[in-house]
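Have a look at the structure below before the remarks.
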Amino acid sequence: MYNIYYQNVNRIRSKTTDVFLNILNSNYDCICLTETNLNSSVFDGEVLDDRYNVFRRDRYTSTISKSEGGGVLIAVQKHLNVIQHQGLSSEIEDIWITILPNSPTIKKINLCVCYLPPDLSYDKSLSFYNKLQNNLLDRCASDINLIIGDFNIPTLSWHKESNSSNILNPSSPSDFRSNLLLSTLSLCNLFQFNNISNKNGRWLDLVLSNEESVTVTETDPISKVDRHHPPLLIELNHISLPPKGIKPKKRFRLNFEKADYNKIRSELATIDWNDVLSDDDIDSAVESFYEVIHNTIIKYTPLSKDDSHIYPVWFSPSLKHCLNEKLKYHRLYKKYGNPRDYDSYSLLRTRAKTLIKSCYKQFIDSTEASLENNIKSFWRFINNRKGKKTLPPSMHLGDKTASDSQGITELLSEYFTSVFEKTDLPIPEFQLKTIINDTLSTIKLCEFEVINKIKTLDPNKGAGPDGIPSKFIVNCCDQLSYPLTLLFNRSLKIGVFPSCWKLAHVVPIHKAGDSTNCENYRPISILSCIAKLFESLVYDIFFSHVKPYLHEQQHGFVKGKSILSNLLEYRDYLSSAFNERGQVDSIYTDFKKAFDKVNHSLLCVKLSCYGVHGSLLRWVKSYLHKRSQLVALGGYKSSPVLIDSGVPQGSHLGPLFFVIFINDLIDRLSCRCLLYADDLKVFHSIKTDFDCTLLQNDADTISEWCNANFMHLNVRKCCIITFTNKKSHIKYDYAIEGQTLERKTVVKDLGILFDNKLTFRDHYDYIINKAYSMLGFIVRSSKGFKNPHSFIYLYNAIVRSTLEYGSTIWSPNYEIHSKRIEGVQSKMLRIVSHKSGYGRSLSSYNERMTTFNVTPLYIRRKQHDIINLHKIIHSFINSPNLISLIRFNAKPNLRHPKPFHIQSCNNNISFFNPIVRMCRLYNDFACSKDCDVDVFDPRVYKFKTLVRSLKLE
Numbered sequence: 001m002y003n004i005y006y007q008n009v010n011r012i013r014s015k016t017t018d019v020f021l022n023i024l025n026s027n028y029d030c031i032c033l034t035e036t037n038l039n040s041s042v043f044d045g046e047v048l049d050d051r052y053n054v055f056r057r058d059r060y061t062s063t064i065s066k067s068e069g070g071g072v073l074i075a076v077q078k079h080l081n082v083i084q085h086q087g088l089s090s091e092i093e094d095i096w097i098t099i100l101p102n103s104p105t106i107k108k109i110n111l112c113v114c115y116l117p118p119d120l121s122y123d124k125s126l127s128f129y130n131k132l133q134n135n136l137l138d139r140c141a142s143d144i145n146l147i148i149g150d151f152n153i154p155t156l157s158w159h160k161e162s163n164s165s166n167i168l169n170p171s172s173p174s175d176f177r178s179n180l181l182l183s184t185l186s187l188c189n190l191f192q193f194n195n196i197s198n199k200n201g202r203w204l205d206l207v208l209s210n211e212e213s214v215t216v217t218e219t220d221p222i223s224k225v226d227r228h229h230p231p232l233l234i235e236l237n238h239i240s241l242p243p244k245g246i247k248p249k250k251r252f253r254l255n256f257e258k259a260d261y262n263k264i265r266s267e268l269a270t271i272d273w274n275d276v277l278s279d280d281d282i283d284s285a286v287e288s289f290y291e292v293i294h295n296t297i298i299k300y301t302p303l304s305k306d307d308s309h310i311y312p313v314w315f316s317p318s319l320k321h322c323l324n325e326k327l328k329y330h331r332l333y334k335k336y337g338n339p340r341d342y343d344s345y346s347l348l349r350t351r352a353k354t355l356i357k358s359c360y361k362q363f364i365d366s367t368e369a370s371l372e373n374n375i376k377s378f379w380r381f382i383n384n385r386k387g388k389k390t391l392p393p394s395m396h397l398g399d400k401t402a403s404d405s406q407g408i409t410e411l412l413s414e415y416f417t418s419v420f421e422k423t424d425l426p427i428p429e430f431q432l433k434t435i436i437n438d439t440l441s442t443i444k445l446c447e448f449e450v451i452n453k454i455k456t457l458d459p460n461k462g463a464g465p466d467g468i469p470s471k472f473i474v475n476c477c478d479q480l481s482y483p484l485t486l487l488f489n490r491s492l493k494i495g496v497f498p499s500c501w502k503l504a505h506v507v508p509i510h511k512a513g514d515s516t517n518c519e520n521y522r523p524i525s526i527l528s529c530i531a532k533l534f535e536s537l538v539y540d541i542f543f544s545h546v547k548p549y550l551h552e553q554q555h556g557f558v559k560g561k562s563i564l565s566n567l568l569e570y571r572d573y574l575s576s577a578f579n580e581r582g583q584v585d586s587i588y589t590d591f592k593k594a595f596d597k598v599n600h601s602l603l604c605v606k607l608s609c610y611g612v613h614g615s616l617l618r619w620v621k622s623y624l625h626k627r628s629q630l631v632a633l634g635g636y637k638s639s640p641v642l643i644d645s646g647v648p649q650g651s652h653l654g655p656l657f658f659v660i661f662i663n664d665l666i667d668r669l670s671c672r673c674l675l676y677a678d679d680l681k682v683f684h685s686i687k688t689d690f691d692c693t694l695l696q697n698d699a700d701t702i703s704e705w706c707n708a709n710f711m712h713l714n715v716r717k718c719c720i721i722t723f724t725n726k727k728s729h730i731k732y733d734y735a736i737e738g739q740t741l742e743r744k745t746v747v748k749d750l751g752i753l754f755d756n757k758l759t760f761r762d763h764y765d766y767i768i769n770k771a772y773s774m775l776g777f778i779v780r781s782s783k784g785f786k787n788p789h790s791f792i793y794l795y796n797a798i799v800r801s802t803l804e805y806g807s808t809i810w811s812p813n814y815e816i817h818s819k820r821i822e823g824v825q826s827k828m829l830r831i832v833s834h835k836s837g838y839g840r841s842l843s844s845y846n847e848r849m850t851t852f853n854v855t856p857l858y859i860r861r862k863q864h865d866i867i868n869l870h871k872i873i874h875s876f877i878n879s880p881n882l883i884s885l886i887r888f889n890a891k892p893n894l895r896h897p898k899p900f901h902i903q904s905c906n907n908n909i910s911f912f913n914p915i916v917r918m919c920r921l922y923n924d925f926a927c928s929k930d931c932d933v934d935v936f937d938p939r940v941y942k943f944k945t946l947v948r949s950l951k952l953e
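Counting in full-length UniProt numbering, the sequence shown runs from 1 upward without gaps.
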């Protein structure tokens, strides 16, 4: 028997916690909901627990007159094999899925859940029913078709054909809705099975199918019942679908939290590492090292069962037992129909509901209390409320499909491997414009360096392919530092990187789009902790050697530089052009899988030009050669595959190698450019057509460099934007590889939206909408929290951080925008005030801020400006270009000591240029009598503390 729960829930966005707890007390194979009123700000995990894969279609306002309400949802238990058909959906709110059996003798179930608004026009209704008919007629005749939803046809009533049949016949149709529905039933051989009318004696929710074994009964609701929509239990009585899909392997793991580290340290201290690591072959020596380590770990580390949790972690043993007993009596009643079994089931159901609420309350209380001593527990709760993204039980890559765990890992591995390039290509001649005399041929590490680096490791990081987590390394620092130093130095001396440290475990992360398509996933590589420790030590020396030769325009993976330094330079250039009533054309490029396309041989050639020679260059070649990866998922592993190109993901050296690889591109460009790793933008002040030609030449140069360096541009994603405040400007059609670039008025640059007028209005809309969405999430998630400061903590971490990201770049020039941003915090404080029982006694925004010790956002932006000015002056933001933009007063007035000279500005864009604004802001309060903040004081922490205490109105 296959059971499906259906209900028109009539808006559950404000009832997500109640719905979540009620679903935990049930065990339906499938849950179908209409009129959910959900939107993108509500996560799946707020409504459904981890037992279900969720398919949603929230209201699409372009086809519906109302922006609120509507929306459909299907949740299917993860052990079932399900495929979603996005191409079958109509303009109306509907979802199509197919539940696949694991036997050819069992029928497939094509399930559609839909919601038809009551004000739907004839044309849109006709379009929906035509689409429905085409979808059903294209299905196999032996499939079971099931269409459930709110059809909103109150004029049509239904009555049973006979007592022996579940099929219902309609009354005479009286409107176009009825006629369209009945013609569809006749054409597609469908019958209506819902015999339960609402309180008004009408049938708005219908259950249509071509399978005559369908039965519909009323059941307990998971959400508050709407009088117009009773909850329904739909059962397919003669259908049996055996469990199938991705099921994690049941396995045991070493519990390093409970390991006896005193005994481990004592045993490791007795090891003669010189004897153990005496083998000249580095791979054999590393193997011997691991053999000793693993033998010691097994002795003093207990095993824990590492299986998937059917129930949430906060379920008590008594609650689990109650749910199991409830399920047992429910099955007995369904099988034998004994009233006593139903009484037992009913009693256990009530008891389980009480226990769920009690356990959840205890869990919420303990989670809130963990803010003080175990913050990870608190964030684990918040992240779980967002829902755990799991892979669907069936996936495809092109024409290939897989519906078992091992097959899915192999399919994902095939896709992740397809992005790499072959390295057996002729390497072009390469020579740097700048001759580098400094060389780096050998590196020797001392034990003291290894110990200090181990102490910086995060003990909470998990284990890599070698099975040893950083917690073990940190706890046995003194005992492991010597053998690791021996291994690291031997590896560097002979120029060979151990083979076992070249393996990476890859975890797939869904990006966006169809979750069953492998191409919509990106890989996250997990390396061995010891390998990353080794890389980190080498990186420090490597970076010190190449840093003087890295161009100032590169701001990614370079110490002292960041997204902020990149955008500050860019914003200043644009503001200067606006000050002269000029025009700037910017070309934004997009490299296709840039980190994965790096040619290993060419990279080594470039490294040698940067002075890397000898055993160290051989070590780098060995480090890159024959690296491998496999997809690890739920205990299943794909076959290892060799990586032919690219820098290692998740490594310390990989990003640095990429920065070195792309560094020579900057030498070839004649216009201004800025990079953040592979994010490259080239821009130039346009005064004549010749300037446009220069920028076009740079675009051609980038394309030529890509061809010579085996890189690829995604030309479709490359674009051009013209920044100017002139009514008429030079418009030039730039092209790359013969394709004209798309011209945009708004671009997203490192997370900030730049519009062609530099008003940042689109960015304000973006961050405000995002902040309100996240505010709604934390309101729903923290419903049981008692302490208002817990809510404020969440707001600061999730919402305020969104409103302050890169604020120095886009800080509002006008009060109207500042007030809109401040409105998010004002709403948060109203919520906190209500939760705290103040009601309307705190009537103003200022009173609430004083009561809860909250700083206005506009003041925090000013504080960030002054702190960033301090960082630039003292090179904590290491950008000579930015320092050159700051002008100092040679002879400041003693009565009004303004240290910075402010340039004249011709318009508001240049007047509010970040560099100018920061200097002006410091000048304004530097003259005040009570100011004791000195921007030239190099002590960062003290300066920040003093600035935070300032009243910058």
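Glycine included, C-beta positions come from ideal geometry on N, C-alpha and C.
Small disclaimer: the values here were computed from a predicted structure and weren't measured.
- Three or more Cβ pairs closer than 8 Å define a contact, and the stretch 434 to 451 falls short of that threshold against the stretch 270 to 281.
- In this structure residue 86 is exposed. Its beta-carbon is surrounded by fewer than 16 other beta-carbon atoms within 10 angstroms.
- Residue 610 and residue 619 have their alpha carbons spaced roughly 15 Å apart.
- Only exposed fits residue 446, as fewer than 16 other CB atoms lie within 10 angstroms of its CB.
- For residue 269, the uninterrupted alpha helix (DSSP H) segment begins and ends at 261 to 269.
- DSSP links residue 525 through a beta bridge to 506.
- About 7 Å separates the beta carbons of residue 633 and residue 391, which is inside the 8 Å limit, making them a contact pair.
- For residue 583, the enclosing beta strand (DSSP E) stretches over residues 583 to 588.
- The beta carbons of residue 858 and residue 820 sit no closer together than 8 Å.
- Contact between the stretch 682 to 702 and the stretch 597 to 604 is absent: fewer than three C-beta pairs spanning the two stretches fall below 8 Å.
- In chain order, 116, 176, 177 and 180 place their CB closer than 8 Å to the CB of residue 125, counting only its own chain and leaving out the 5 sequence neighbours on each side.
- Assigned with DSSP and collapsed to three states, residue 217 falls in strand.
- Secondary structure note for residue 16: it is in no beta strand (DSSP E), and the uninterrupted alpha helix (DSSP H) holding it is 16 to 24.
- Sequence-distant partners of residue 683 (beyond 5 residues in either direction) whose C-beta falls short of 6 Å from its own C-beta, in its chain, are 584, 586 and 672.
- If you ignore the 5 residues before and after residue 668, its C-beta comes within less than 7 Å of the C-beta of 701 and 705, all in its own chain and listed in chain order.
- Less than 8 Å divides the Cβ of residue 109 from the Cβ of residue 144.
- Ranked by Cα distance from residue 543, the options 439, 208 and 399 are led by 439.
- Residue 673 is bridged by DSSP to 682.
- Ranked by Cα distance from residue 868, the options 285, 936 and 495 are led by 936.
- Within its own chain, the residues whose Cβ lies closer than 6 Å to the Cβ of residue 72, once the five positions on either side in sequence are excluded, are 34, 57, 93, 95, 113 and 115, listed in chain order.
- Per the coordinates, the alpha-carbon of residue 44 lies some 42 Å from the alpha-carbon of residue 290.
- Per DSSP, the unbroken alpha helix (DSSP H) holding residue 406 starts and ends at 405 to 418.
- For the pair of segments examined, the stretch 515 to 527 was found not to touch the stretch 475 to 495: the number of CB pairs separated by less than 8 Å stays below three.
- The three-state secondary structure of residue 96, taken from DSSP, is strand.
- Annotation: residue 728 to residue 912 spans about 24 Å, alpha carbon to alpha carbon.
- Residue 502 sits buried, since 16 or more C-beta atoms from the chains shown fall within 10 Å of its C-beta.
- DSSP, reduced to helix, strand and coil, places residue 397 within a strand of the structure shown.
- For residue 58, the three-state secondary structure derived from DSSP is coil.
- Under DSSP, residue 662 forms no beta bridge with any residue.
- In chain order, 180, 181, 183 and 184 place their CB closer than 8 Å to the CB of residue 129, counting only its own chain and leaving out the 5 sequence neighbours on each side.
- In the DSSP assignment, residue 74 falls within the beta strand (DSSP E) that extends over 72 to 77.
- By the Cβ test, the stretch 198 to 217 is in contact with the stretch 151 to 166, since at least three Cβ pairs between them sit closer than 8 Å.
- Taking all protein chains in view, the Cβ of residue 284 is surrounded by fewer than 16 other Cβ atoms within 10 Å, so the residue is classified as exposed.
- DSSP places residue 133 in the helix class (H, G or I) of the three-state scheme.
- Its chain contains 715 as the residues whose beta carbon lies nearer than 6 Å to that of residue 739, once the 5 sequence neighbours on both sides are disregarded; these appear in chain order.
- Taking 8 Å as the cut-off, the Cβ atoms of residue 829 and residue 854 count as close.
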